[in-house]
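Colleague: Throughout the first sequence, residue numbering follows the numbering used here, covering 766 to 989 in sequence. I'd like to ask you about the structure that follows.
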Amino acid sequence: MMQAGQERKLFSLLMKAYGKQDWWPADTPFEVMVGAILTQNTAWSNVVKAIFNLRKNNALNPQAISAMPQAQLADMIKPSGYFNIKAKRLQSFCYWYLQQGSYDTLSKISTDNLRKDLLSVHGIGPETADDILLYAFDRPVFVIDAYTRRLFTRAGLASGHESYEVLRHQVEQVMQDSVVDLNEFHALIVWHAKESCRKKPICMHCTLQHHCNYAQQLDGYEFG
DNA sequence: ACCCAGGGTCATA
DNA sequence: TATGACCATGGG
């Protein structure tokens, strides 16, 4: 039987193991937004190359991205994969962003409404919206990704069939809507997954084909 | 040569 | 509601 607030134990365990992560790796809020779209189902190392190309071409701003021919934008972000789709998504997002006014304008919108607005943009789904809300606007939301589902399921914090919203609210409540904690928690989960991945299909609980040995130790230590 | 990465949309049942 | 196809580069 799972106890209430086990998420906090996992959080402190991860924090003890790895320390603060200081996410998101970006210089500006807008760079966070671009990175959130480009990293959809894509390794971050590839996103870095795409962002480098944008910066090199003075195109790391909403004006340049929305004004550029889509084919040219696609060529710049090619290393991040899905470049045709992501070029469309980036431009859709930048049209919306410029139409809203500015960062300051958006920062005055309530979190719930800003989330709805983001989700109305073509190519922005729940996870991308929450990345932007948490890491570009410092809003108290939690990001649910494949790593989180896998770890939570393995650690007994989730059944694996919860909807995105249910899981998100569950963590937000436990963490008492603390922006800094929600920020670190998601960052730690991602780091943990990358750091500990050993690509051996051993774990019975793992829904993917690879397995996280260190996670098993960590889970066993606290939850097993 | 295969697996999969810090997902989302769209069509189908 | 819930699957499946599709998008595409690059590292392990």
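Cβ atoms here follow ideal geometry from the backbone N, Cα and C, with glycine treated the same way. In this text the structure is predicted, and so the values were computed from the model without any measurement.
#1: Helix, strand or coil: which one does DSSP assign to S924?
#2: Check the C-beta distance from I830 over to Q856 and give it rounded, since I have them as a contact under 8 Å.
#3: List in chain order: all unbroken alpha helix (DSSP H) runs of 4+ residues lying wholly within the region 819-875.
#4: Using 8 Å as the threshold, is the region 781-799 in touch with the region 895-913, meaning 3 or more CB pairs across them?
#5: Going straight from the alpha carbon of G888 to that of I850, what length do you get?
#6: What residue from P844, F858 and Q828 has the CA that sits closest to S885's CA?
#7: What number of angstroms, rounded off, separates the C-alpha of K873 from the C-alpha of S777?
#8: Only counting the same chain, and skipping five residues up and downstream in sequence, which positions put a Cβ closer than 8 Å to that of I802?
#9: Skipping 5 residues on each side, what residues in its chain have a beta carbon closer than 8 Å to that of G770?
#10: So, using beta-carbon positions, are L947 and F907 closer together than 8 Å?
#11: Kindly indicate which three-state DSSP category H934 falls into: helix, strand or coil?
#12: Taking just the CA atoms, how far does S845 sit from L779?
#13: So, using beta-carbon positions, are Y847 and L953 closer together than 8 Å?
#14: Once you ignore the five residues that flank R904 on each side, which residues in its own chain have a CB closer than 6 Å to its CB?
Modeller: In this structure, then:
#1: coil
#2: 6 Å
#3: 827-832, 835-841, 848-865 and 868-872
#4: Yes, the region 781-799 is in contact with the region 895-913.
#5: Each residue's Cα considered, the two are about 8 Å apart.
#6: F858
#7: 32 Å
#8: K851, R854, L855, F858, G888, I889 and T893
#9: V939
#10: yes
#11: Helix.
#12: When only Cα atoms are considered, L779 and S845 end up about 29 Å apart.
#13: no
#14: T876 and L898
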